[in-house]
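Working notes, beginning with the structure itself.
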Ligand SMILES: Nc1ncnc2c1ncn2[C@@H]1O[C@H](COP(=O)(O)OP(=O)(O)OP(=O)(O)O)[C@@H](O)[C@H]1O
Ligand SMILES: [Mg+2]
């Protein structure tokens, strides 16, 4: 609640008035003092939260992401071979591996974009091939190469997302404000998505996910790649906070520093196969000659190259 109150304090006057209207706060007096309006709105919001918002009751299935016996063939290429993977609420799992290992293929199947050759994926207990809408509704997916509606403005896109997920207007407004601030998109709200730089497009898609109510189930394909150091830092801090609050997060990356500082568990893939899995400590036990995560990675994915 305190973070919500702080967001209200940071809103500019137009935003405050918009929120006041949504909350049915009377603005009959011509000149309401800003401080007073902030106080009234904060009081209304407290009440609103006390009554309970539907998404507060949302709990995730203990198997938020479940990938079972997943195989994907493209012609003769076996991109993924018999992958089993689970992400539970409160975990960040790193899907790590060299180029061509099968990470993107796995996440695209998880997001329901392509179909598996064998095996299944479930999101919050819903099998993607049986209940695709229910499974997709719960998943926040960032593709490896972000694309989006080029003719929508950033603000329109975010409002649109809030509407299609039927997020209560007040919650959407507050979260939009919080994440637009965090990802420094304030100056770009009226820019067309088609004109955004790669990093800013990625930020916009991230805000689009976080406008939805937590806890989240996320599948992020190389989410840090393309962000500047400040953006990358903000995202890492945010993902850890969401994890601590019960979100389930699967992140693919081949940037080991990212994986090491972010993930609780790792699944290391190479040429479609899982070649190692576990926590950092468990991986060190599996590879006694390795001293760093980089050495574990190299050893498990073809050996440490000769100098
Ligand atoms: N649509 C496709 N048609 C044919 N082959 C494909 C297709 N998509 C992926 N592949 C092949 O599947 C294998 C795995 O590719 P994938 O993109 O999943 O790897 P990745 O682990 O994400 O690699 P990177 O780190 O380079 O992003 C590669 O050999 C790739 O060429
Ligand atoms: Mg990839």
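In our numbering, the protein residues as written are 1 to 307. Glycine included, each C-beta is placed from N, C-alpha and C at the ideal position. All figures in this text were calculated on a predicted structure; none of them were measured in a lab.
Taking a C-beta distance under 9 angstroms as the contact criterion, residue 88 and residue 63 qualify as a contact pair.
Ranked by Cα distance from residue 232, the options 303, 37, 294 and 255 are led by 255. Residue 113 sits close to residue 143, with the two beta carbons spaced by under 9 angstroms. Short note on residue 273: C-beta not closer than 8 angstroms to any heavy atom of ligand 2. In terms of Cβ geometry, residue 173 and residue 19 form a close pair [threshold 9 angstroms]. Taking a cut-off of 8 angstroms on C-beta distances, the stretch 283–290 does not touch the stretch 115–124, as fewer than three cross pairs fall below it. Where residue 77 is concerned, the enclosing beta strand (DSSP E) starts and stops at 77–87. Where residue 173 is concerned, the enclosing alpha helix (DSSP H) starts and stops at 169–182. The beta carbon of residue 94 lies closer than 6 angstroms to those of 251, 259, 263 and 266 in the same chain, with the five residues before and after it left out. Pairwise C-beta distances place the stretch 216–223 out of contact with the stretch 174–194, as fewer than three of them are shorter than 8 angstroms. Assigned with DSSP and collapsed to three states, residue 265 falls in strand. Assigned with DSSP and collapsed to three states, residue 62 falls in coil, not helix or strand.
Within the model, the alpha-carbon separation for residue 11 versus residue 77 is close to 53 angstroms. The alpha-carbon of residue 199 is positioned some 7 angstroms away from that of residue 228. Counted as a single uninterrupted DSSP element, the beta strand (DSSP E) harbouring residue 277 occupies residues 273–278. Ligand 2 never approaches residue 72 closely enough for any of its heavy atoms to be under 8 angstroms from the residue's Cβ. A direct Cα-to-Cα measurement between residue 131 and residue 120 gives close to 12 angstroms. In the DSSP assignment, residue 247 falls outside any alpha helix (DSSP H) and carries neither an H nor an E. Remark: C-beta atoms of residue 81 and residue 273 approach each other more closely than 9 angstroms.
The DSSP-derived three-state label of residue 90 is coil. Between residue 246 and residue 213, the CB-CB gap reaches or exceeds 9 angstroms.
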